[in-house]
Every structure is written in structure tokens, then in C-alpha cells.
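I have placed the structure first, in the form of C-alpha cells, so that the comments after it can refer back to it.
Numbering (mature numbering (1 follows the signal peptide of the UniProt record, and there is no 0)), first residue to last: -21 to -1, 1 to 233.
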């Protein structure tokens, strides 16, 4: 059975908060649903979608069956309000979905559910859940640094049940929670927008079957009140998630 061992070095830039001495996340063998929202603070139709994504915060399915992430895109930034969470790579990610035929257009708010466009939100449909698939376990473990060290280690491991998937990509997103943004210009001028599952930092790394593992330095921001992490695995250069997991980075985030 093929296994991919992914070792990541996390550089913790936490000046006002502490991370658990050890935090672990583990999926079941059944495929976990990854929900991606493409949104912007400059978009007047986006707040309802942001609220809907945030509603998963208090549901039992969070992290066990559902991993939500919100990518703030930057193509609204020239239309009256610059979104402080928008990043050009997130726009490119949304465009990549269209290029591969997984979505029909580039717009906000836009949902991708397990890598496929989902417009059911606009007609108040329930989230689609496909028949359960047994994929394999994706797990990760974070160990906080000792007092004299400045880095912590995140060990991620994926064991697919099927034959080799070839080269895989691990995706890691650090998420901001309970964020409130007063909007002073643009379509949402005068409103206070609340965000959850906001992707603050996003990294990818590849792994081949012949590799024993790899490392990277991952800055961990301490600016939001609460933080979480989302991890998922895809085939290299592809967008469809094979498996996902996630959870809180510290107790205060619950």
C-alpha cells in the first residue's frame, strides 16, 4: 500500500498566543468534503455566502466531514475597496478551476465543493453529499517548539487505499476566524463584515512515492483572535481533492 510522508517545518511567529504542545488532525478513511468559497469584501452579494460558510463553525460535521476555506480574490480590489485578505494566487486558483473545466465562469461569490462548481447556494439547496468513498487516511501532527527553539514541526501523512496516485500535492491553509472588517468604501460601504475560515497563508508541496518526505518553513500569523488549519491532498497539477482534514491550532480558537 503506497504511503506519502510529508514533513513540514513551521516557523511560528506568535507574539501574543500559544499553540498546544501537541495538536493532531486525522481524517477517517471516508472522503471528507472540501468546501471552497471565492469571495471579496468589495462584493455586495458576498456577505450572505460568507455567513453561510461561517455557519459550519458550530456544526458537528466540521473537520470530521466538512473542511471549509474562504479564498479572498483580488479582482474586486480596483472597484472601490481593497480587501486586506485578497491575494493574487487565490485569483489564479479560481481561474485554474475554469481552465480545467471544473467551473463555467469567474465570479463571486463562488463555491467549489470537492473541486466542482456548486451553484446550489443561490437557490438555497442543500450541500451535495455524494455516496461515501473510501479514500484513505490523511493525518497531521503539530509539535510546539521547546523554549529555546523558534520552529515547530508538522508531520502529515496520507495513506491511500487505492493503487498509487502517482505524485501528490499537499495543500496547507492557515485560517483566520472571527474576523470583523469595517468597510469604508465600495459596494459594502458602511457595513461590518464578519469572516470565518479565511485563508491567510496558503502553501503547496509535492511528494513522489520514491521520496521519504520533505520540509518547508511555514509562517504562522498570530493576528486573528482564533486560528485553524486546513490540509488536503490532490494529484499534482490537479484541483480535485482526494482527502482533507483540519482543525484548531489552539484551544482559544474553539
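We put the beta carbon where it would ideally sit given N, CA and C, even for glycine.
Using the C-alpha atoms, what's the distance from residue j back to residue i?
| i | j | result |
| --- | --- | --- |
| residue 222 | residue 35 | 19 Å |
| residue 139 | residue 116 | 7 Å |
| residue 11 | residue 45 | 6 Å |
| residue 153 | residue 52 | 16 Å |
| residue 108 | residue 213 | 19 Å |
| residue 216 | residue 163 | 39 Å |
| residue 228 | residue 103 | 32 Å |
| residue 84 | residue 24 | 16 Å |
| residue 169 | residue 161 | 7 Å |
| residue 86 | residue 43 | 29 Å |
| residue 209 | residue 71 | 19 Å |
| residue 61 | residue 101 | 25 Å |
| residue 171 | residue 6 | 35 Å |
| residue 92 | residue 63 | 25 Å |
Apart from the five residues just before and just after residue i, which ones in its own chain have a Cβ nearer than 8 Å to its Cβ?
| i | result |
| --- | --- |
| residue 183 | 148, 149, 150, 151 |
| residue 265 | Residue 265 lies beyond the residue range present for the chain, which begins at -21 and ends at 233; the question has no answer from this structure. |
| residue 22 | 55, 87, 88, 166, 167 |
Using a 10 Å radius around the Cβ and a threshold of 16 neighbouring Cβ atoms, would you call residue i buried or exposed?
| i | result |
| --- | --- |
| residue 67 | exposed |
| residue 37 | exposed |
| residue 159 | exposed |
| residue 128 | In this prediction, residue 128 has a pLDDT of 49, which is less than 50 and means its spatial position is unreliable; nothing more can be read from the coordinates. |
| residue 69 | buried |
| residue 187 | exposed |
| residue 278 | The chain is shown from -21 up to 233; residue 278 falls before or after that span and cannot be answered. |
| residue 73 | buried |
| residue 39 | exposed |
| residue 88 | buried |
| residue 57 | exposed |
| residue 26 | buried |
| residue 110 | exposed |
Would you grab the beta carbon distance between residue i and residue j for me? Rounded to a whole angstrom, and I think it's under 8 Å.
| i | j | result |
| --- | --- | --- |
| residue 32 | residue 137 | That belief does not hold up - the Cβ atoms of residue 32 and residue 137 are roughly 25 Å apart, past 8 Å. |
| residue 55 | residue 225 | Their Cβ separation, rounded to whole angstroms, is 26 Å, which puts residue 55 and residue 225 out of contact at 8 Å. |
| residue 28 | residue 41 | Rounded, the Cβ-Cβ distance is 17 Å, inconsistent with contact. |
| residue 174 | residue 146 | With 8 Å as the limit, residue 174 and residue 146 do not qualify as a contact, their Cβ atoms being about 34 Å apart. |
Might you give, ordered along the chain, the residues of its own chain that have their beta carbon closer than 7 Å to the beta carbon of residue i, omitting 5 neighbours on each side?
| i | result |
| --- | --- |
| residue 218 | 75, 76, 79, 81, 94 |
| residue 113 | 8, 9, 140 |
With a CB to CB cut of under 6 Å and the five nearest residues on each side skipped, what residues in its chain are close to residue i?
| i | result |
| --- | --- |
| residue 211 | 13, 150, 220, 223 |
| residue 97 | 90 |
| residue 180 | 153 |
| residue 178 | 48, 50, 152 |
Is it the case that the Cβ atoms of residue i and residue j are separated by a distance below 8 Å?
| i | j | result |
| --- | --- | --- |
| residue 156 | residue 207 | yes |
| residue 49 | residue 19 | no |
| residue 99 | residue 166 | no |
| residue 134 | residue 2 | no |
With a cut-off of 8 Å, does the C-beta of residue i fall near any C-beta of chain B?
| i | result |
| --- | --- |
| residue 37 | The chain inventory of the structure shown lacks chain B, comprising one protein chain alone. |
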